[in-house]
Amino acid sequence: MSLSVKEIHSYYGKSHILQGVSLEVPEGGVVTLLGRNGAGKSTTLKTIAGLIAPRPGTITFRGEDIAGLPAHRVAGRGICLVPENRGIFKLLSVEENLNLGLRRDSPWQLEDVYRIFPRLKERRGNGGGQLSGGEQQMLAIGRALMNHPRLLMLDEPVEGLAPVIVEEIVAQIGQIRQAGVSILLVEQNLEVCTQLADRHFILEQGQIVYSGSNEEFRADHAVKDRYLGVNV
Amino acid sequence: MTATPVRPILRAQGIVKRFGKFTAVQDVNLSVAPNTIHSVIGPNGAGKTTLFHTLTGTLPATAGTIEFDGVDVTALADHQRVRHGIARSFQVTSLFPSLDVRENLRLAVQGVHRLAAADGWLPPTGPRARRELVDEILERMGLTRVGGLPAGTLSHGQQRRLEVGMALAARPKAIFLDEPTSGMGVDDIGGMKALIHGLRGDHTVVLIEHNMGIVMDISDTITVMQQGRVLVEGKPEDIRNDARVRTAYLGNMITGGAA
Amino acid sequence: MQAIKDNHQWLMALAVVLAMPLLIDSGSLASEVLIYALAVLGCNLLLGFTGLLSFGQGIFFGVGSYTLGNLLVRLDLPLAAALPLTVLAGVVSAVLVGWLAIRQRNVYFALLTLAMAQMFYFLAYTMTDLTGGDNGLLGVPRPPLSILGVELLSLESPWQFYRFVALCFLVAFWLLQRVTTSVFGRTLLAIRDNEARAAAVGYDVHGLKLAVFALSGGVTALAGGLLAMMAGIAPLSSIEYHSSEMILVMTIIGGTSNLFASLLGAGFYVLSADWLSFIWPRWLLLLGVLLMLVSLYMQRGLWGVLESLWRLLRGRRGAAPDATQPEQRP
Numbered sequence: 003m004s005l006s007v008k009e010i011h012s013y014y015g016k017s018h019i020l021q022g023v024s025l026e027v028p029e030g031g032v033v034t035l036l037g038r039n040g041a042g043k044s045t046t047l048k049t050i051a052g053l054i055a056p057r058p059g060t061i062t063f064r065g066e067d068i069a070g071l072p073a074h075r076v077a078g079r080g081i082c083l084v085p086e087n088r089g090i091f092k093l094l095s096v097e098e099n100l101n102l103g104l105r106r107d108s109p110w111q112l113e114d115v116y117r118i119f120p121r122l123k124e125r126r127g128n129g130g131g132q133l134s135g136g137e138q139q140m141l142a143i144g145r146a147l148m149n150h151p152r153l154l155m156l157d158e159p160v161e162g163l164a165p166v167i168v169e170e171i172v173a174q175i176g177q178i179r180q181a182g183v184s185i186l187l188v189e190q191n192l193e194v195c196t197q198l199a200d201r202h203f204i205l206e207q208g209q210i211v212y213s214g215s216n217e218e219f220r221a222d223h224a225v226k227d228r229y230l231g232v233n234v
Numbered sequence: 003m004t005a006t007p008v009r010p011i012l013r014a015q016g017i018v019k020r021f022g023k024f025t026a027v028q029d030v031n032l033s034v035a036p037n038t039i040h041s042v043i044g045p046n047g048a049g050k051t052t053l054f055h056t057l058t059g060t061l062p063a064t065a066g067t068i069e070f071d072g073v074d075v076t077a078l079a080d081h082q083r084v085r086h087g088i089a090r091s092f093q094v095t096s097l098f099p100s101l102d103v104r105e106n107l108r109l110a111v112q113g114v115h116r117l118a119a120a121d122g123w124l125p126p127t128g129p130r131a132r133r134e135l136v137d138e139i140l141e142r143m144g145l146t147r148v149g150g151l152p153a154g155t156l157s158h159g160q161q162r163r164l165e166v167g168m169a170l171a172a173r174p175k176a177i178f179l180d181e182p183t184s185g186m187g188v189d190d191i192g193g194m195k196a197l198i199h200g201l202r203g204d205h206t207v208v209l210i211e212h213n214m215g216i217v218m219d220i221s222d223t224i225t226v227m228q229q230g231r232v233l234v235e236g237k238p239e240d241i242r243n244d245a246r247v248r249t250a251y252l253g254n255m256i257t258g259g260a261a
Numbered sequence: 045m046q047a048i049k050d051n052h053q054w055l056m057a058l059a060v061v062l063a064m065p066l067l068i069d070s071g072s073l074a075s076e077v078l079i080y081a082l083a084v085l086g087c088n089l090l091l092g093f094t095g096l097l098s099f100g101q102g103i104f105f106g107v108g109s110y111t112l113g114n115l116l117v118r119l120d121l122p123l124a125a126a127l128p129l130t131v132l133a134g135v136v137s138a139v140l141v142g143w144l145a146i147r148q149r150n151v152y153f154a155l156l157t158l159a160m161a162q163m164f165y166f167l168a169y170t171m172t173d174l175t176g177g178d179n180g181l182l183g184v185p186r187p188p189l190s191i192l193g194v195e196l197l198s199l200e201s202p203w204q205f206y207r208f209v210a211l212c213f214l215v216a217f218w219l220l221q222r223v224t225t226s227v228f229g230r231t232l233l234a235i236r237d238n239e240a241r242a243a244a245v246g247y248d249v250h251g252l253k254l255a256v257f258a259l260s261g262g263v264t265a266l267a268g269g270l271l272a273m274m275a276g277i278a279p280l281s282s283i284e285y286h287s288s289e290m291i292l293v294m295t296i297i298g299g300t301s302n303l304f305a306s307l308l309g310a311g312f313y314v315l316s317a318d319w320l321s322f323i324w325p326r327w328l329l330l331l332g333v334l335l336m337l338v339s340l341y342m343q344r345g346l347w348g349v350l351e352s353l354w355r356l357l358r359g360r361r362g363a364a365p366d367a368t369q370p371e372q373r374p
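Protein chains in written order, with my numbering: chain A, 3 to 234; chain B, 3 to 261; chain C, 45 to 374.
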């Protein structure tokens with residue numbers, strides 16, 4: 003297992019958001035975390051990334067215990083989070099944004115990122131704030147790649163994007179997956195999830211309520227209705 | 003079986019809210035019947051909270067009108083709408099942390115009266131302490147025991163209950179609850195659900211909630227929003243089985259669920 | 045007993061006022077302490093009770109000095125008329141400044157008050173007819189307090205003047221104590237704690253902030269006026285930025301949790317300035333260090349230190365209450 007999360011509890015102040023979450027991401031695999039609003043999906047990613055310290059719970063990455071480590075150390079171990087708001091530096095150009103994540107030992111250098119995301123190459127001199135939503139998303143993912151991720155965590159990467167762009171990004175994520183990067187994906191778009199993932203976890207009210215392989219999940223309509231729809 | 007037409011206590015028409023170029027709420031109409039529990043639900047980015055803010059006056063609407071109990075409140079700010087009978091709780095707990103629980107409630111009770119705060123001479127003792135009403139709310143929220151403690155020291159569940167209590171203190175006609183069970187443990191959630199359900203008799207409740215168990219169980223009407231618009235509205239049974247709602251939440255297409 | 049408890053802050057202030065002539069040689073110095081204490085009370089109303097960080101208190105202080113100076117020198121008004129008018133001038137200028145500054149919050153609010161302080165400074169510098177510009181308004185008299193021609197109180201000697209300042213101070217302190225424990229005062233605490241919540245619960249936050257600004261301006265102007273009388277001059281320095289800064293520093297060092305702390309802060313600063321500056325001209329360095337210590341470790345200021353000492357001595361039984369917390373009363 004690349005990533006192993008066991009029974010983590012996370013709080014925002016006193017608000018008990020995660021009430022015992024466990025999940026696993028296999029080496030080179032793609033896993034999705036699904037659930038309605040307010041379930042705690044983003045909080046789970048933030049806890050793994052080190053932005054929130056779990057109390058209690060354990061997080062093991064490539065055999066090492068990382069729970070409680072500060073975010074920059076977690077990133078240093080190879081876990082890269084692409085947050086929901088993308089976090090693009092609007093005043094910097096595309097290339098400057100990418101170079102912020104530069105690491106000499108990364109298999110993805112500038113040219114590699116441009117190969118996967120040709121649109122970024124076209125816009126390399128443009129300011130971050132001048133990009134469309136889709137391009138910003140690509141830039142955010144590209145920047146994470148520059149940082150040599152062993153585990154890439156994506157928080158709702160295709161939310162609010164036009165269909166054509168969504169298809170593009172899904173294909174690009176597929177390419178990244180093929181290069182051997184493990185991916186933990188939070189996404190509400192079921193089609194995207196079932197196209198990419200091997201395994202799905204569903205989060206509700208801060209707890210994992212379902213875990214299944216892609217085939218199982220595709221076939222199980224009751225689960226989708228109950229935990230993702232409104233038919234409780 | 004004809005339903006007697008009841009005048010809605012809240013009638014919002016053509017509500018639009020823009021933030022610069024981004025339109026969060028687009029042409030929303032909402033009618034809330036008195037003494038009912040009306041829930042607003044919807045997938046990510048639906049605009050529920052923004053709609054809420056325009057209804058309570060926390061944010062001004064870019065366009066549209068809001069009529070509450072026969073009065074046009076569109077131009078009124080939130081502190082002015084309180085006087086007309088609108089009160090709200092917040093999704094992220096918003097209390098007066100350094101003041102004790104009783105004081106929090108006393109301030110909320112006092113706030114309804116227009117010039118109540120203008121008294122610069124007399125301390126809030128005697129009739130101004132509003133003891134009876136404060137005690138009543140403490141009792142109802144199960145907070146009597148902690149009445150003398152600073153609000154910031156309460157447990158999360160207690161704070162969420164105090165949030166609701168603050169709204170009730172205004173003796174409102176309509177109470178707007180924004181994710182009241184957010185971050186609560188299983189034990190506290192049951193109590194909150196019963197509490198909200200019990201409010202129906204004396205108040206109208208407008209609710210944003212993600213906990214479908216609560217929404218389906220206690221709502222009289224549910225409005226489903228998606229991407230800033232109203233998708234569907236109806237009773238819980240109708241909403242559960244509505245194909246459009248299913249699509250919105252489960253997103254069949256690669257477009258991410260756009261209807 | 046209850047009456048003593050309710051008014052204990054004022055009684056402590058009274059004790060200090062009575063003790064100062066016994067401990068301090070100079071009547072002028074003692075007056076200076078109370079004058080600045082008034083200004084600090086005005087600042088504390090904003091900072092401690094409402095959560096407003098104002099870098100513009102010097103504006104009202106200066107307005108007070110110039111107004112009283114002009115009323116006494118140019119218009120030759122009796123003191124009993126000039127003083128209330130000075131307070132009014134403070135109120136009006138505060139409403140003006142507040143009206144503009146309150147539109148913003150936090151950092152921007154503070155910056156606006158700073159900007160306006162600079163603006164008023166330059167106004168004072170250039171309107172030399174009214175202010176005497178760089179030289180200040182000279183020849184401010186110290187007329188006796190009289191009503192309808194009957195002299196009540198002579199202010200000639202420093203200690204006679206001190207009596208008068210003490211009277212003004214105690215009256216103002218008592219009024220402010222009344223206000224801060226009133227319904228209005230308690231509502232200010234709510235605004236300090238959580239503005240959004242206060243608005244959501246029905247309070248016109250903007251209007252209430254303006255009201256406390258007016259009160260602060262009035263008290264601060266009174267202080268400025270008294271200073272002009274004491275020094276015989278309404279100097280440009282009282283409206284200079286340094287004045288605002290000084291008042292703010294005194295407020296923070298004294299403590300923002302109650303009114304008496306303001307007297308502590310002013311007393312400490314004024315007396316240290318007088319005594320230490322003889323020993324060491326760079327005494328301000330010590331003040332800087334103290335400010336850092338307060339910010340890092342003693343956020344309740346000198347009052348907090350005294351409170352902790354008191355608790356240590358009394359074994360936690362005698363802890364004095366915080367005036368910014370509501371009283372536990374039946």
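For every residue, glycine included, the Cβ atom is placed at its ideal position computed from N, Cα and C.
Separation of the CB atoms of L233 of chain C and I146 of chain C is rounded to 18 Å, and the pair is thereby denied contact status at 8 Å. A direct Cα-Cα distance of roughly 10 Å separates G144 of chain A from V84 of chain A. G345 of chain C and T295 of chain C have their alpha carbons spaced roughly 9 Å apart. R142 of chain B and R163 of chain B have their C-alpha atoms spaced approximately 10 Å apart.
Contact of G72 of chain B with chain C by beta-carbon distance below 9 Å is absent, the smallest such distance being about 20 Å.
One alpha carbon belongs to T49 of chain A, the other to T183 of chain B, and they sit about 21 Å apart.
Interface annotation, T95 of chain B: in contact with chain A, CB-CB separation under 9 Å.
Contact check for G193 of chain B against G149 of chain B fails: the beta carbons are separated by 9 Å or more. Flagged as an interface residue toward chain A: H212 of chain B, by a C-beta distance shorter than 9 Å. DSSP places S190 of chain C in no alpha helix (DSSP H) but in the uninterrupted beta strand (DSSP E) bounded by L189 to I191. Across the stretch 332-355 of chain C, no CB contact with chain B closer than 7 Å is found for any residue. Looking from the CA of G182 of chain A, the closest CA among A:G89, A:S12 and A:V27 belongs to A:V27. Inter-residue distance for G311 of chain C and Q221 of chain C is about 19 Å (C-alpha atoms, whole angstroms). For V75 of chain B, no beta strand (DSSP E) encloses it, and the DSSP letter there is neither H nor E.
Residues of chain B with a Cβ closer than 9 Å to the Cβ of F104 of chain C do not exist, since the nearest Cβ in that chain sits about 19 Å away. In the three-state scheme derived from DSSP, where H, G and I count as helix and E and B as strand, L196 of chain C is classed as strand.
Annotation: N51 of chain C has no Cβ neighbours in chain B at a cutoff of 9 Å; minimum Cβ distance is about 12 Å. Given a length threshold of 4 residues, each whole run of the alpha helix (DSSP H) inside the stretch 29-55 of chain A is given here in chain order: 43-51.
Among the residues of chain B, none has a CB under 8 Å from the CB of R149 of chain C; the nearest is roughly 15 Å distant. Assigned with DSSP and collapsed to three states, A63 of chain B falls in coil, not helix or strand.
Interface annotation for the stretch 26-52 of chain B against chain A: I43, P45, N46 and G47, criterion Cβ-Cβ distance under 8 Å. Remark: C-beta atoms of V160 of chain A and R125 of chain A do not approach each other more closely than 9 Å. Per the DSSP secondary-structure output, H11 of chain A pairs in a beta bridge with A:Q21. When DSSP states are grouped into helix, strand and coil, G103 of chain A belongs to the coil group.
Each residue's CA atom was taken as its position, placing D180 of chain B and S96 of chain B some 11 Å apart. In this structure, G262 of chain C keeps its C-beta atom at 9 Å or more from the C-beta atom of S109 of chain C. For a cut-off of 8 Å, the C-beta gap from V30 of chain B to I17 of chain B is around 4 Å, short enough to register as a contact.
The three-state reading of DSSP puts F70 of chain B in strand, counting E and B together. For G208 of chain A, the three-state secondary structure derived from DSSP is coil. Exclusion of the five residues before and after M274 of chain C leaves S72, S75, E76, I79, R186, F205 and V209 as the residues of its chain whose Cβ lies within less than 8 Å of its Cβ. In the displayed model, I88 of chain B falls within a strand according to three-state DSSP. In terms of Cβ geometry, Y116 of chain A and R57 of chain A do not form a close pair [threshold 9 Å]. In the displayed model, F104 of chain C falls within a helix according to three-state DSSP. Following the DSSP letters along the chain, one finds H199 of chain B inside the alpha helix (DSSP H) bounded by residues V188 to L201.
Interface annotation, R38 of chain A: in contact with chain B, CB-CB separation under 9 Å. Between G208 of chain A and I54 of chain A the beta-carbon gap is near 13 Å, outside 8 Å, which marks them as no contact.
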